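Residue numbers (the working numbering): 6 to 476.
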């Protein structure tokens, strides 16, 4: 009948309710997990946007500060145009422009070195930076990707002014500008070894000098050598490493007898530029000082050859076991090495010289101690340069290194190995150094080590995720 009641077991109804509740809770948990993932990704993207906005705001500050200078330049151009117009109306003869004046700003010499025309470089005032930019420039977290080449030139110029190097070396400010333009002109447009890489290495060196208190500890001459060597360390890099130069028997390999051909070439180009009176920033130092500068720069640039990495690091570790003492003259002096075989060269340096060599090596391969959003694009640039070389090696029938072969290497595997076997051991060795400001130095290096460990973990996670997708 219509009023008939169907009796069911209480246990069945309870089980159904429990299952329904479990299903609801499962879906709620799944949604909560997705929301947490979304929130994490959103926070990450917001942080990236915030940093970009911070960088752009710094540039806006610079633009505001430059408005007055731009206005003054416009007035000067207008006044000059007015004078020329008046001279033309009155029939006055204008002095014809000489051939030297009409040349482009970049001149190429017979040996391939690019110089800057003296007549075309204006003696404009020193570029004024905001206090925010000045402080940001000293930090390892500096993001190089938001700065144009002309801005990077101004920042490099600021480093020399701020460290009082113009006064120390009696530099002509216009010569410094001309030299920097010449340096930029002699960096090729490679994916990785280009002017932006030069700036990154120099900025990290500048940051290390300030954050480790080296500006109060070292003589100005040594600071000048460190910064200048960092700027010059990859001049005219062809985009193909020493292994290719030697295997392909290139002109550089033949010229330097297969011994660090690229690094020797970088040194040669640097001093060919300094040999030109118009671009010699050390023109006003005495002969003895110039010889010290030349030896110091050569020592540091040659130390960037990764083929010598293990040897330099091993000797540095032995020195750190003895300890650094800046009150001892033998720790500060650089032992003569001219004429020694390269295989034994690094043994002959003082402890302090070995520290400087390791410093420039740290700066040269320091991308991974920067934030991930700054460092990761450099990985793409480096791999592009590697793949260009390996493709050429395959065509020419030359040996191909596995870590440069586009068919064998991935970003995660490349980074994990490099961080694990090269970067972390080097920064661990540097962390053992105790200067007068040793605590600051050790803390900074320890922070860099944490960043490296974090980056290694991130790349391992990415590799695991890619492996899961492919399986």
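The beta-carbon is built from N, C-alpha and C at its ideal position, and this holds for glycine as well. Bear in mind that the values here come from a model prediction, so they are computed numbers and not experimental data.
- The segment 177-193 makes no contact with the segment 295-305, as fewer than three CB pairs between them are under 8 Å.
- The criterion of a C-beta distance shorter than 8 Å is not satisfied by residue 164 and residue 204.
- Proximity to residue 437 across 255, 321 and 424 peaks at 321, based on C-alpha coordinates.
- DSSP places residue 430 within a helical segment (H, G or I) once states are collapsed to three.
- Separation of the CB atoms of residue 403 and residue 365 is rounded to 29 Å, and the pair is thereby denied contact status at 8 Å.
- In chain order, 289 place their CB closer than 6 Å to the CB of residue 175, counting only its own chain and leaving out the 5 sequence neighbours on each side.
- Closest in C-alpha terms to residue 386, from the list 200, 357, 21 and 434, comes 200.
- The closest CA to that of residue 426, considering only 394, 315 and 212, is found on 315.
- If you check the CB distance, residue 258 and residue 266 come in under 8 Å.
- The alpha-carbon of residue 172 is positioned some 21 Å away from that of residue 278.
- Distance from the Cα of residue 117 is smallest, within the candidate group 268, 241 and 286, for 241.
- For residue 405, the number of other beta carbons within 10 angstroms of its own is at least 16, and it is reported as buried.
- Of the other Cβ atoms in all chains shown, fewer than 16 fall within 10 Å of the Cβ of residue 46; this residue is therefore exposed.
- Within the segment 25-58, no run of alpha helix (DSSP H) at least 4 residues long lies entirely inside it.
- Here residue 155 carries a helix assignment [DSSP, helix/strand/coil].
- Less than 8 Å divides the Cβ of residue 195 from the Cβ of residue 390.
- Contact between residue 207 and residue 232 holds: CB atoms are separated by about 6 Å, below the 8 Å threshold.
- Residue state for residue 238 is assigned as coil, using DSSP reduced to three classes.
- In the three-state DSSP reduction, residue 272 falls in the helix class (H, G or I).
- Within the same chain, Cβ atoms closer than 7 Å to the Cβ of residue 308 are found at 317, 362, 365 and 366, the five residues on either side in sequence being excluded.
- In the DSSP annotation of this structure, the continuous segment of the alpha helix (DSSP H) that includes residue 367 starts and ends at 356-369.
- Counting only residues of its own chain and dropping the five nearest sequence neighbours on each side, residue 227 has a CB closer than 8 Å to the CB of 301 and 361.
- Burial state of residue 269 is buried, judged by a 10 Å Cβ sphere holding 16 or more other Cβ atoms.
- Pairing residue 144 with residue 151, the inter-Cα distance amounts to about 15 Å.
- Within the segment 399-429, the runs of alpha helix (DSSP H) that reach at least 4 residues and sit entirely inside it are, in chain order, 416-423.
- The beta carbon of residue 235 sits closer than 7 Å to those of 206, 207, 210, 365 and 368, all from its chain and outside the five residues before and after it, given in chain order.
- Beyond the five residues adjoining it in sequence on each side, residue 282 comes within less than 8 Å, by CB distance, of 288 in the same chain, given in chain order.
- A Cβ-Cβ contact shorter than 8 Å links residue 146 with residue 375.
- Nearest to residue 119 by C-alpha distance, out of 169, 42 and 190, is 190.
- Of the candidates 272, 400 and 417, 417 places its Cα closest to the Cα of residue 380.
- About 4 Å separates the CB atoms of residue 356 and residue 324; that is less than 8 Å, so the two are in contact.
- Relative to the Cα of residue 224, the nearest Cα in the group 263, 271 and 169 belongs to 169.
- Distance from the CA of residue 218 to the CA of residue 434, rounded to the nearest whole angstrom, comes to 19 Å.
- Assignment of residue 292 by DSSP, reduced to helix, strand and coil, places it in the helix class.
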